[in-house]
Structure formats: structure tokens, C-alpha cells
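Numbering-wise (our numbering), the sequence shown opens with residue 218 and increments by one. Where a beta carbon is used, it is the ideal one built from N, C-alpha and C, also for glycine. Given the structure is predicted, the values throughout are model-derived calculations rather than measurements.
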Amino acid sequence: MRDSEIEQWVLNEICLMTGGRLKEVCVLSLEGLVNLKGTVQNRADRLAAENAAQQATGVVGVINQLHVRRRNLVRRPAAVKSQVVPVPSTFPFPDHQDFRSSGIAS
Numbered sequence: 218m219r220d221s222e223i224e225q226w227v228l229n230e231i232c233l234m235t236g237g238r239l240k241e242v243c244v245l246s247l248e249g250l251v252n253l254k255g256t257v258q259n260r261a262d263r264l265a266a267e268n269a270a271q272q273a274t275g276v277v278g279v280i281n282q283l284h285v286r287r288r289n290l291v292r293r294p295a296a297v298k299s300q301v302v303p304v305p306s307t308f309p310f311p312d313h314q315d316f317r318s319s320g321i322a323s
């Protein structure tokens with residue numbers, strides 16, 4: 218069986234097993250050794266494509282180089298209410314004499 222035929226068998230098997238949702242998968246075959254490249258949505262799709270390739274006619278081995286697309290984790294800043302804390306215009310410092318009488322050295 219020619220490599221081009223094996224590639225078609227693998228593509229058909231992937232399409233059947235995944236319901237046609239994997240469209241960014243490249244299949245290359247060299248003497249029955251199939252190489253899968255491309256990007257999939259999740260790990261389950263990656264595993265499904267590999268299993269489908271292994272079951273296809275003429276395949277002797279599978280090299281799975283499919284990448285799983287990273288999710289865009291957009292973190293929104295938490296809604297923080299602004300709090301206004303009144304600050305006195307002067308800060309009362311204790312007299313040095315208060316320290317001397319309490320036994321604290323200055």
C-alpha cells in the first residue's frame with residue numbers, strides 16, 4: 218500500500234472517530250509510519266486522533282506531534298471598591314518628656 222493511500226485512510230478514520238471536528242491535522246506517512254502534526258483543542262482530541270491513526274489500514278506506527286491549543290485565561294481584575302481613609306493633617310507626636318518618665322531612653 219502506498220503512503221498516500223495510508224494518509225487518506227488515516228484522515229478518514231480521524232474524521233469518523235472525531236465527528237469531523239479535527240480540521241487542523243496534517244498526516245504524513247513514510248513506509249506506514251504515520252506522523253501527526255497540527256493543533257487540536259484539547260487532550261481528548263489529541264488522543265482520539267492518535268487512536269484513529271493506529272486503527273487505520275496500513276499503519277505500522279504513529280508519531281503524535283499534535284499540539285493542544287492553550288486556553289486564553291483572561292483574568293479580570295477583581296472589583297475593588299475604593300476606600301477613602303481620612304488622614305489627619307497633623308500627627309500628634311508624644312513629648313520627649315513622656316518617654317523619659319516611662320523609662321524609655323531617647
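- Taking C-beta separations shorter than 7 Å and ignoring five residues to either side along the sequence, the partners of H284 in its chain run T256, following chain order.
- Taking 8 Å as the upper bound for CB-CB distance, E230 and A273 are in contact here, some 4 Å apart.
- In the three-state reduction of the DSSP assignment, L233 falls in the helix class.
- Distance from the CA of A269 to the CA of R286, rounded to the nearest whole angstrom, comes to 20 Å.
- Non-local C-beta neighbours of L245 in its own chain, meaning closer than 6 Å and more than five positions away in sequence, comprise N252, ordered along the chain.
- Put simply, the backbone Cα of V276 is about 16 Å away from that of L264.
- Annotated three-state conformation of V227 is helix, per DSSP.
- Taking a contact as a CB-CB distance under 8 Å, the pair K240 and Q282 does not count as one, their CB atoms being some 17 Å apart.
- The Cβ atoms of G249 and I223 lie closer than 8 Å to each other.
- Here V302 is exposed: its Cβ has fewer than 16 other Cβ atoms, across all protein chains shown, within 10 Å.
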